[in-house]
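Comments concern the structure below.
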Ligand code: SF4
Ligand code: SF4
């Protein structure tokens with residue numbers, strides 16, 4: 685579809701793996717931050733005449 | 035294919051007379067050329083209207099959903115695969131159906147033909163491999179293979195996979211076609227190009243939902259695009275809303291789509307939304323060695339877990 689790879693990630697984390705969860709969230713957040721604000725799937729504000 | 039019509043009528047009359055079925059679902063001539071329409075025949079007179087030619091591109095599995103009657107249904111290769119999917123998804127019972135198998139050499143692309151002739155198309159007839167078109171600008175003939183629907187040109191399951199009776203001997207399957215040339219082209223694009231490609235693909239979409247309505251897989255009582263509580267997707271003509279509708283619908287068809295082409299055929303503006311479903315079809319083939327609707331004996335990959343399912347994408 686044209687979404688940057690890296691903006692979408694999949695992980696399998698059991699409810700017992702709290703440290704893995706923190707780890708993954710941190711990494712994903714960093715990865716997405718380096719990509720910058722999302723430009724895709726963002727609706728432009730409707731113009732009011 | 036003329037003899038197909040006769041044979042279908044003959045079988046249908048017998049099935050109705052013997053009370054094997056309550057009705058036959060097939061095709062009759064439409065009010066304009068190249069637009070055969072579904073026909074529900076309950077009497078011998080109704081049966082006389084049944085026809086079969088190269089304009090039967092609508093997928094008749096779409097008319098079986100949740101039916102309670104005993105039904106005889108004419109099915110070409112792709113219809114039969116969608117019937118299998120319907121049975122697997124409990125949308126109809128195998129025992130209710132008498133499947134009249136129709137070996138198929140492809141349906142013709144009405145849009146392409148309209149583009150190749152001058153003026154308005156007035157009449158289209160066919161002999162074995164040739165399509166003759168009479169238009170307000172004159173007469174033209176085409177080889178059928180040159181004017182096939184895109185999906186039919188690369189079809190590798192032209193014969194019905196389930197049937198109770200066949201109207202003719204099976205036709206040879208195509209073995210030398212490259213089904214995914216177009217998909218590979220898109221896979222090779224970078225994200226920018228791909229975004230632009232789909233922007234362009236869907237730019238004419240008027241969100242009439244004809245593609246969804248023609249698709250036998252889209253049988254949910256309330257489609258996600260129609261729900262208001264919660265509202266999953268915006269209802270506007272904004273390109274993002276249009277894109278969201280299309281790609282979510284495609285995902286709902288993953289592992290189920292047979293590339294029958296009914297969606298593309300139904301689109302009033304000629305959008306090839308199959309570029310989304312075809313990618314998913316290719317993925318199912320590559321990842322799970324799965325082609326939809328070929329057998330009643332195994333569950334589709336997305337509703338079944340196998341220990342060796344690929345999971346490289348999970349980190
Ligand atoms: S049939 Fe065509 S115009 Fe209508 S919603 Fe589908 S793609 Fe859009
Ligand atoms: S998505 Fe289109 S090609 Fe696939 S089964 Fe539905 S109508 Fe047929």
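Chains as they are written, first to last, in this note's numbering: chain A, 685 to 733; chain B, 35 to 349.
Where a beta carbon is used, it is the ideal one built from N, C-alpha and C, also for glycine.
Listed by position along chain A, the residues whose Cβ is nearer than 9 Å to that of residue 274 of chain B are 724, 725, 726, 727, 728. Fewer than three Cβ pairs drawn from the region 157 to 165 of chain B and the region 264 to 271 of chain B lie within less than 8 Å of each other, which leaves the two stretches out of contact. DSSP places residue 107 of chain B in the strand class (E or B) of the three-state scheme. Set against 7 Å, the gap from the CB of residue 314 of chain B to the closest heavy atom of ligand 2 is not smaller. Classified as buried, residue 94 of chain B has 16 or more neighbouring CB atoms from the shown chains inside 10 Å of its CB. Counting along the chain, the unbroken beta strand (DSSP E) around residue 75 of chain B starts and ends at 71 to 75.
In the three-state reduction of the DSSP assignment, residue 84 of chain B falls in the strand class, which pools E and B. Short note on residue 285 of chain B: C-beta not closer than 7 Å to any heavy atom of ligand 1. Your pair residue 105 of chain B and residue 59 of chain B checks out as a contact, with CB atoms roughly 6 Å apart and the cut at 8 Å.
For residue 229 of chain B, the closest Cβ of chain A is nearer than 8 Å. Residue-level contact by beta carbon fails for residue 714 of chain A and chain B, as no gap is shorter than 8 Å.
Across the set B:327, B:40, B:310, the C-alpha of B:327 shows the shortest separation from the C-alpha of residue 192 of chain B.
Residue 226 of chain B reaches chain A at 686, counting residues in chain order whose Cβ is nearer than 8 Å. Among the CB atoms of chain A, one or more fall inside 8 Å of the CB of residue 349 of chain B. For the pair residue 194 of chain B and residue 147 of chain B, the CB atoms are not nearer than the 8 Å cut-off. Note: residue 689 of chain A is bridge-paired with A:692 in the DSSP secondary-structure output. In this structure residue 308 of chain B is buried. Its beta-carbon is surrounded by 16 or more other beta-carbon atoms within 10 angstroms. Around the beta carbon of residue 264 of chain B, fewer than 16 other beta carbons sit within 10 angstroms, so the residue counts as exposed. Nearest in C-alpha terms to residue 138 of chain B, of all of B:259, B:204, B:177, is B:204.
Just measuring C-alpha positions, the residue of B:41, B:100, B:119 sitting nearest residue 336 of chain B is B:119. For residue 260 of chain B, there is no enclosing alpha helix (DSSP H), as DSSP gives it neither H nor E. The region 228 to 244 of chain B and the region 332 to 348 of chain B do not touch, with fewer than three beta-carbon pairs separated by less than 8 Å. When 9 Å is used as the limit between beta carbons, residue 111 of chain B is near no residue of chain A, the shortest such separation being about 29 Å. Rounded to the nearest angstrom, the gap between the Cα atoms of residue 723 of chain A and residue 686 of chain A is 11 Å.
Listed in chain order, the non-local C-beta contacts of residue 72 of chain B below 7 Å within the same chain comprise 59, 61, 92, 94, 97, local neighbours out to five positions each way being set aside.
Taking a Cβ-Cβ cut-off of 8 Å, the neighbours of residue 694 of chain A in chain B comprise 347, 348, 349, given in sequence order. Annotation for residue 175 of chain B: the continuous beta strand (DSSP E) segment containing it runs 172 to 177. With respect to chain A, the C-beta atom of residue 281 of chain B has a partner C-beta closer than 8 Å.
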